[in-house]
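If you count by numbering that gives the first Met the number 0, then the sequence shown holds residues 0 to 355, one letter each, in order.
Everything below concerns the one structure shown next.
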Amino acid sequence: MRRAIVPIAVLASVLAACSGVDRPGVPATGAERQEARRLMEASAIPRQRRLDEAAQHASLARVVRHIRPAAHRVCVRMKGANCGAILSRSPVRSHDREINAHVDGSHRVTMNAGLLHASGSDEEIAAVLAHEYGHVIADHVDKRMGDAGVGALGGLLAGTLVGAVICDRSDSDCMGDMAHTGGSMGLGIGALAYSQQHELEADYYSALILAEAGVPLDAGERMLTRLARTAGGRPGGYGQLGVAMARTHPANDERIARWIANRRALEHALATGLTTDAGLASEARRRVLETGLGETRWANPRTGHSGTITAKKRWRSAAGEACVSYGWKSWQAAGRAETEGVETACRSPGGPWRVR
Ligand SMILES: [Zn+2]
0 MRRAIVPIAV LASVLAACSG VDRPGVPATG AERQEARRLM EASAIPRQRR
50 LDEAAQHASL ARVVRHIRPA AHRVCVRMKG ANCGAILSRS PVRSHDREIN
100 AHVDGSHRVT MNAGLLHASG SDEEIAAVLA HEYGHVIADH VDKRMGDAGV
150 GALGGLLAGT LVGAVICDRS DSDCMGDMAH TGGSMGLGIG ALAYSQQHEL
200 EADYYSALIL AEAGVPLDAG ERMLTRLART AGGRPGGYGQ LGVAMARTHP
250 ANDERIARWI ANRRALEHAL ATGLTTDAGL ASEARRRVLE TGLGETRWAN
300 PRTGHSGTIT AKKRWRSAAG EACVSYGWKS WQAAGRAETE GVETACRSPG
350 GPWRVR
């Protein structure tokens, strides 16, 4: 069956040209990954409310009233896509018993009866609705179609190239098979390659929208844990939310760990009262310089931008100054622009830090 083999490496390199890989929010630490695994294995999450149909409608209406204006404000402020659709398309409830929700091509959010029934609180429903609005704001429905198309084209090309090498020149069936196999593999890989990243990005927008609406952000961990468990989830397994294909979603524990990381960074920003990226980045730098921490992270609930400060080396200069060299990185809300650099700061005993 030599014909069916299309080198994955060729496909992968072609597909690397698909839409940019986004970095939503801040990376999780090892401790947060452990915490996520513990949550999935042991923690008590609130019982399902088992709402009847009338209560589901009432709950969804309360959540929509609260979350929709916040999602619209976040969309406009962060220059997201489809902001008008958030106001013009009311979310609807479907009779579907599956614990799931999704956005369709017209950017309308559908919340399944199964999800509303199984939720533990209005806040958990808010986290899901905000996640779906994240897909709208980041224009994921259109991007997913684009990625599938680019993938199919790349696969077709790769299959044809491979066919040219391994097929007999007169064997047009062989050439056709290779192109067809490559094209369909590429279609699948293109559609899936970035959707895990899309889920993480939608989760980050969900946290930003909840923060904007004044909803406690830990509702997101509870809902993600509930989804992972209800879907027979386990650490390293795959939960659901948004689309029905399980493998389009990041591993449950990674997703929960990222939620915890972003929640902490956003809550920290809210607690400091700082509202500018420069203010938050310099506060994060101060924590690295003064506390001996290896890394600090910041995320701005106003702009959605985020970053890390990582200590690389600490030493004492010949003049007796304490010096730290550190790397900084920052990401724009949708992660399209990433900037980074390395700096050194020193201070004499009791004096202020000076960046060299
Ligand atoms: Zn989703």
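Backbone N, C-alpha and C fix where the C-beta goes; we use that ideal spot for every residue, glycine too.
Taking the CB atoms as reference points, tell me whether residue i and residue j lie closer together than 8 Å.
i, j, result
"Gly306", "Arg262", "no"
"Ile259", "Ala54", "no"
"Tyr132", "Ala70", "yes"
"Gly88", "Arg64", "Looking at the sequence shown, residue 88 is not Gly but Arg. Not in contact: Arg88 and Arg64 (Cβ atoms no closer than 8 Å)."
"Gln139", "Ala201", "In the sequence under discussion, the amino acid at residue 139 is His, which differs from the Gln named in the question. Contact flag set, yes."
"Thr229", "Ala117", "yes"
"Ala256", "Glu40", "no"
"Ile66", "Ile208", "yes"
"Leu114", "Ser58", "no"
"Glu122", "Arg225", "no"
"Ala270", "Ile308", "no"
"Ile136", "Val73", "yes"
"Val62", "Leu128", "yes"
"Arg254", "Leu216", "no"
"Arg48", "Gly119", "yes"
"Asp252", "Ala35", "yes"
"Arg346", "Arg353", "yes"
The alpha helix (DSSP H) that contains residue i, what's its start and end?
i, result
"Met39", "Gly29 to Glu40"
"Thr271", "Asn251 to Thr271"
"Ala80", "Neither: Ala80 is in no alpha helix (DSSP H) and is coded neither H nor E."
"Ala277", "Asp276 to Thr290"
"His56", "Glu52 to Arg76"
"Pro227", "The displayed chain sequence assigns Ala, not Pro, to residue 227. Segment Asp217 to Thr229, the alpha helix (DSSP H) holding Ala227."
"Asp202", "Ser194 to Ala212"
Would you mind working out which of the options sits nearest residue i, comparing C-alpha positions?
i, options, result
"Thr338", "His139, Val25 and Trp330", "Trp330"
"Asp103", "Arg96, Val91 and Ala112", "Val91"
"Gln195", "Gly213, Lys142 and Leu50", "Lys142"
"Pro29", "Glu294, Val75 and Arg315", "In the sequence as presented, Pro is not what sits at residue 29; that position holds Gly. The option with the nearest alpha carbon to Gly29 is Glu294."
"Arg96", "Thr224, Asp51, Asp217 and Glu31", "Asp51"
"Glu320", "Gly349, Thr309, Val341 and His304", "Gly349"
"Arg46", "His56, Glu198 and Arg221", "Arg221"
"Ile356", "Ile85, Ser105, Leu86 and Ala112", "Given a span of 0 to 355 for the chain in the structure shown, any question on residue 356 remains unanswerable."
"Arg301", "Thr274, Arg313, Leu292 and Ser58", "Thr274"
"Ser93", "Ala129, His56, Val127 and Ala206", "His56"
"Arg76", "Pro23, Ser171, Tyr204 and Ser169", "Tyr204"
"Pro23", "Arg37, Trp314 and His304", "His304"
"Trp297", "Thr271, Ala264 and Gly291", "Ala264"
"Ala277", "Asn299, His267, Leu38 and Ala270", "Asn299"
"Val287", "Val73, Val323, His267 and Val62", "Val323"
"Gly340", "Val214, Leu292, Ser105 and Ala280", "Ala280"
"Ala310", "Ala344, Cys82, Pro68 and Ala332", "Ala344"
"Cys82", "Met110, Ile44, His134 and Glu266", "His134"
"Thr290", "Arg313, Gly272 and Ala268", "Arg313"
"Val25", "Gly272, His267 and Arg285", "His267"
"Leu223", "Ala206, Glu211 and Ala212", "Ala206"
"Tyr325", "Ala317, Ala336, Glu342 and Ser316", "Glu342"
"Glu211", "Gln33, Ala60 and Pro68", "Pro68"
"Trp327", "Ser105, Asp172 and Arg285", "Arg285"
"Ala60", "Ser105, Met110, Lys78 and Gln33", "Met110"
At which residues does the beta strand (DSSP E) containing residue i begin and terminate?
i, result
"Ile44", "Unbroken run through Ile44: none, as it is neither H nor E."
"Val102", "Ala100 to Val102"
Please name the residue or residues paired with residue i in a DSSP beta bridge.
i, result
"Asn111", "Ser93"
"Ser305", "Ala298 and Trp330"
"Ala344", "Val323 and Val354"
Which full runs of the beta strand (DSSP E) of 3+ residues lie inside the stretch 309-338, going along the chain? 321-330
Extract the residue ranges of the alpha helix (DSSP H) inside the stretch 120-144, only unbroken runs of 4 or more that lie entirely within it. 121-136
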